[in-house]
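So the structure is just underneath, and the comments pick up after that.
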Amino acid sequence: MSQALENLLSEDRSFPPSEEFTAQANAQPGIHDVAALDYQAFWQKQALERITWFSEPTEVLDDSNPPFYKWFKDGELNISYNCLDRHLADHGDQVAYHWIGEPGDTRTLTYADLAKEVNRFANGLKSLGLEKGDRVAIYMGMVPELPIAMLACARLGLVHSVVFGGFSSDALSSRILDAEARIVITQDGAWRGGNVVPLKENTDVALQSTPGIEHAIVVRRTDHGADMAEGRDIWWDDLVEGQSDECKAEVLNAEDPLYILYTSGTTGKPKGIVHTQGGYLTGTTTTHSYVFDIKPDSDVYWCAADIGWVTGHSYIVYGPLANRTTGVMYEGAPNYPELDRLWQILDEYGVTVFYTAPTAIRAFMKWGDEHVDKHDLSTLRVIGTVGEPINPEAWMWYHEHIGHGTCPIVDTWWQTETGGIMISPLPGVVATKPGSATVPFPGISADVVDEDGNSVPLGGGGFLTITQPWPSMARTIYGDDQRYVDTYWSRFPGRYFPGDGCKRDEDGYFWLLGRVDDIMLVSGHNIATTEVESALVSHPAVAEAAVVGRKDELTGQAIAAFVTLRSTASGDDSLLEELRDHVASTLGPIAKPRSIVFTDDLPKTRSGKIMRRLLQDISEDRKLGDVTTLANADIVAEIANKAASSTED
Ligand code: ATP
Ligand code: MG
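Heads up, the numbering used here is the position in the sequence shown plus 56, with the first residue counted as 1.
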């Protein structure tokens, strides 16, 4: 960003917390100020109150070797003990997961059930000779055995590396090799949209190039059969058969690694982000409790992400279980067998807290309100979003149709690398504004800076930075400390740089603008793609939009837009003109798209984020870049055809 960011979008709508909500909220007004007075004391208090330690830490932060910070480094604990054992005496019968299979089968796991399953599987892992510190790759769908496997690893001090079940065999083998895993845990197949994803077959292909793998453990899920390699492959059921349902949780150091998770790969070679036991648990339990206002005795909480992403690690498994939450876990696609599947589940289980992604919300808008409106969602009391900036109109739709106009919306900004939520409203405390993630979480200090690292005054935009360490921060990139330093700590010395652009308004609210590479330079003006997209989505005909800056001799970059319409609208030339004018009148003529292409879908990563890089290739008539992390590769060719035949002025 060579220039200041244009201040285009303005937002006057604001939703203050209701007195009623505040009266019962976990977070109370003033919490940010208290934490800001002494952030280390704030985190120490959380760590001591929320975690059952085998040996309490006496030191909070070791900052002797930045950026390799250590938290609570002489503390001893076990995260699986915190998620399971400590709940059993009084709450063993409480449901940990209501699990719903895609074909309609269900399983209910109480905390006592979960603990037994984890212990049996942990004993099975021990019988294979695995030892503390060994890496275990997990390549599964959303079945109960996935969190069971993770917790069993954590119990023994094994380091898990979950690879999203939608990834290919290539992605799996490269992650297995990078993490130097000794075993892989998978399934015969996973249900998705009525089809079977052949996880075991993919694993077999991956294992041809991963000599370090000694065993594949296979969960039977779809009964589509599996080629079991003699001596190497073991059925899960056979491994746990006859194992004791008692297994002592290892005493681990707070800084012992818990897992490696590869970032989704929107940009460059995947990075194996390393998280540890103590700081990570402190961060995830604290944020989960305050951001979602969790009441362990009464809430039914549903984070509808996949455990293959960090959202699932922190907010389906570790944070919620440590907080003794009752959760819903759904195996399959949100549109299978019908477009109302999620709302039907939500209604049936009386879900009170719901967490999803903007990409899903835009899909719900596109599918039509009727699928939502026919279900009773009145039990909901907090709803959240994560993954991308949420367009203000998508926020409003979420507010009205899912949150029945009263649920606080928590728009949570964070990353794989941060381990937990960093910027988010606290319900009951912070007034929300559609499209803004509002303010940093207590104990987190963020700033928006210019090219030279100088703080940009309120009202301006630039680079988001985090100015002090926090407990759940990544410790390194696995096997590549230098890359960790270069990627996150070199651009602005002494500060963490997440790679995202951000604006702050006059009230000090943060407006995330997506990755800095997604910011355009049009006739000398810096314009965020997000803002033009939000302007397009604010038109009633539009469900979703992606915008890129295409090379242009005259203006440096010209704005090219790709638009998906709501099911009720049809894309003709008059709508095209109307949309261009709509953007011009919302944001100003400088932001008017040069071209608009209507499309049924947009290219997305497997985590559902818009892949602007490919649209830019299309717009600039280039050979397409790497499409291997795309969820819907076909759409790219289709868009390319349409773009070639589209007209512009
Ligand atoms: P990669 O780093 O491999 O390209 P990724 O960044 O998509 O993948 P994640 O760590 O899952 O992988 O995503 C974090 C990123 O998602 C953030 O850096 C930010 O760009 C975006 N993001 C997440 N939550 C929000 C939010 N509430 N508002 C705006 N952007 C968000
Ligand atoms: Mg990233």
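Yeah, the Cβ is synthetic: ideal placement off N, Cα and C, and Gly gets one too.
Predicted, not measured: the structure shown is a model, and the values here were computed from it.
Under the DSSP assignment, Leu569 falls in the beta strand (DSSP E) whose first and last residues are 566-571.
According to the DSSP assignment, Trp292 belongs to no beta strand (DSSP E) but to the alpha helix (DSSP H) extending over 292-296. A direct Cα-to-Cα measurement between Leu680 and Leu670 gives close to 6 angstroms. Excluding residues up to 5 positions away in sequence, Trp109, Ser111, Glu112, Pro113, Ala310, Gly334 lie with their Cβ nearer than 7 angstroms to the Cβ of Gly131 in the same chain.
Ranked by Cα distance from Phe77, the options Glu456, Ala416, Ile465 are led by Ile465.
Bounds of any alpha helix (DSSP H) do not take in Gln471, whose DSSP letter is neither H nor E.
Around the beta carbon of Gln102, 16 or more other beta carbons lie within 10 angstroms, which makes this residue buried.
Judged by pairs of C-beta atoms under 8 angstroms, the stretch 238-256 touches the stretch 384-395, as three or more such pairs exist. Beta-bridge annotation (DSSP): Pro313 is paired with Thr332.
When beta bridges are read from the DSSP output, Lys698 appears opposite no residue. Ile269 is the residue among Ile269, Asp279, Leu643 whose C-alpha sits nearest the C-alpha of Ala285. Counting only residues of its own chain and dropping the five nearest sequence neighbours on each side, Glu449 has a CB closer than 6 angstroms to the CB of Val593, Ser594. In terms of side-chain proximity, the C-beta atom of Gly443 is found no nearer than 7 angstroms to any non-hydrogen atom of the ligand MG. Short of 8 angstroms from the beta carbon of Gly570, and not among the five residues preceding or following it, lie these beta carbons of its own chain, in chain order: Glu444, Pro445, Asp556, Gly557, Ala584, Thr585, Thr586. Secondary structure at Thr532: strand, using DSSP grouped into helix, strand and coil. Runs of alpha helix (DSSP H) with 4 or more residues, each lying fully within the stretch 204-275, are found at 225-235, 255-263, listed in chain order.
Cα atoms of Val252 and Glu187: separation of roughly 33 angstroms, rounded to the nearest angstrom. Inter-residue distance for Ala687 and Val442 is about 18 angstroms (C-alpha atoms, whole angstroms). If you look at Ile439, you'll find it in the beta strand (DSSP E) that goes 438-441. When secondary structure is reduced to three states using DSSP, His344 falls in the helix class. The Cβ atoms of Ile615 and Thr655 do not sit closer than 8 angstroms to each other. If you ignore the 5 residues before and after His638, its C-beta comes within less than 8 angstroms of the C-beta of Ala591, Leu592, Ser594, His595, all in its own chain and listed in chain order.
For Trp423, the three-state secondary structure derived from DSSP is helix. Between Gln243 and Val219 the beta-carbon gap is near 13 angstroms, outside 8 angstroms, which marks them as no contact. In the DSSP annotation of this structure, the continuous segment of the alpha helix (DSSP H) that includes Thr642 starts and ends at 629-643.
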